[in-house]
Each structure stands twice: as structure tokens, then as C-alpha cells.
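Trainee: Sequential numbering from 12 applies to the sequence shown in the numbering used here.
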Amino acid sequence: MSRSVSHDHDAREGLKATLYCWGCDHSSPIDGDWVRKSRGTKVAYVYPDCGTVIAERPRENSGPDSGEAWGRIVQTSVSIWQASKAN
Numbered sequence: 012m013s014r015s016v017s018h019d020h021d022a023r024e025g026l027k028a029t030l031y032c033w034g035c036d037h038s039s040p041i042d043g044d045w046v047r048k049s050r051g052t053k054v055a056y057v058y059p060d061c062g063t064v065i066a067e068r069p070r071e072n073s074g075p076d077s078g079e080a081w082g083r084i085v086q087t088s089v090s091i092w093q094a095s096k097a098n
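(1) Mind checking who Thr29 pairs with in its DSSP beta bridge?
(2) Under 8 Å between the Cβ atoms of Val57 and Val64?
(3) Which whole-angstrom value is the C-beta distance of Ser39 and Trp33, which I expect to be below 8 Å?
(4) Spatial neighbours of Glu67 within its chain, please: CB distance less than 6 Å, with the 5 preceding and 5 following residues excluded, ordered by chain position.
(5) When DSSP builds the beta bridges, which residues end up paired with Lys48?
(6) Within its chain, find whatever has a CB closer than 6 Å to the CB of His37; leave out the 5 residues flanking it on each side and keep chain order.
(7) Ala66 bridges to which residues according to DSSP?
(8) Just curious, the alpha helix (DSSP H) that Gly82 is in, first and last residue?
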């Protein structure tokens with residue numbers, strides 16, 4: 012007998028949706044008992060009992076920070092100015 016494809020798919024999805032704490036061997040779904048702490052443009056997943064940071068992921072709605080945006084504006088302005096000066 013062979014395994015069904017859907018069973019293999021379900022097993023892989025279960026592994027993706029579970030976080031494991033290497034500090035104390037706790038495991039829980041990503042939306043389980045982990046504490047989410049904002050750290051700039053990232054969110055840290057922390058297990059509250061031992062304080063171990065399990066993962067840091069980009070915030071869903073994080074855009075470029077203001078310094079990055081201003082840097083692009085200045086760089087573009089300088090490029091345009093240099094191009095107009097060359098003509």
C-alpha cells in the first residue's frame with residue numbers, strides 16, 4: 012500500500028505551523044502560547060516560560076523605514092541633478 016498524497020501534505024503542513032523551543036523543548040503552533048514582541052521592522056517569537064527567542068520574522072505591514080526612504084529620495088535627486096548638469 013502507498014500513502015495518500017493528502018496525508019503527506021498534511022504532515023508537512025503540521026511541521027511548518029509548529030515552533031520548537033531549543034531552550035526547554037517546548038513545542039506549540041505558531042499562533043499558540045508564544046509571545047510576539049515588536050523589534051523595529053521585525054516580530055520576535057519568544058517562549059514566555061524560559062525567555063528564548065525562537066524566531067524573528069518581518070512584520071506583515073512593515074514598509075521601508077524613514078531613513079531608507081529619505082536615502083532613496085536624496086540618491087535619486089542627486090542622480091537627476093548630475094544627469095541634467097552633464098547636458
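Note that CB positions come from ideal geometry on N, CA and C, so glycine has one too.
Remember, it's a predicted structure, so these values are computed and weren't measured experimentally.
Mentor: According to the structure data:
(1) The residue you call residue 29 lines up with position 18 of the sequence shown. DSSP lists Pro40 as partners of Thr29.
(2) On the sequence shown, position 46 is the one that residue 57 refers to. On the sequence shown, position 53 is the one that residue 64 refers to. Taking 8 Å as the Cβ cut-off, Val57 and Val64 qualify as a contacting pair.
(3) The residue given as residue 39 occupies position 28 in the sequence shown. The residue given as residue 33 occupies position 22 in the sequence shown. Actually they do not touch by this definition, with Cβ atoms about 13 Å apart.
(4) Within the sequence shown, the letter at position 56 stands for residue 67. Excluding positions up to five away in sequence, the list reads Lys53, Ala55.
(5) Within the sequence shown, residue 48 is the residue found at index 37, counting from 1. Ala55, per the DSSP bridge assignment.
(6) Start at 1 with the first residue of the sequence shown, and residue 37 comes out as number 26. The answer, listed in chain order, is Tyr58.
(7) By 1-based counting over the sequence shown, the position of residue 66 is 55. In DSSP, Ala66 forms a bridge with Tyr56.
(8) Within the sequence shown, residue 82 is the residue found at index 71, counting from 1. 77-97 is the extent of the alpha helix (DSSP H) around Gly82.
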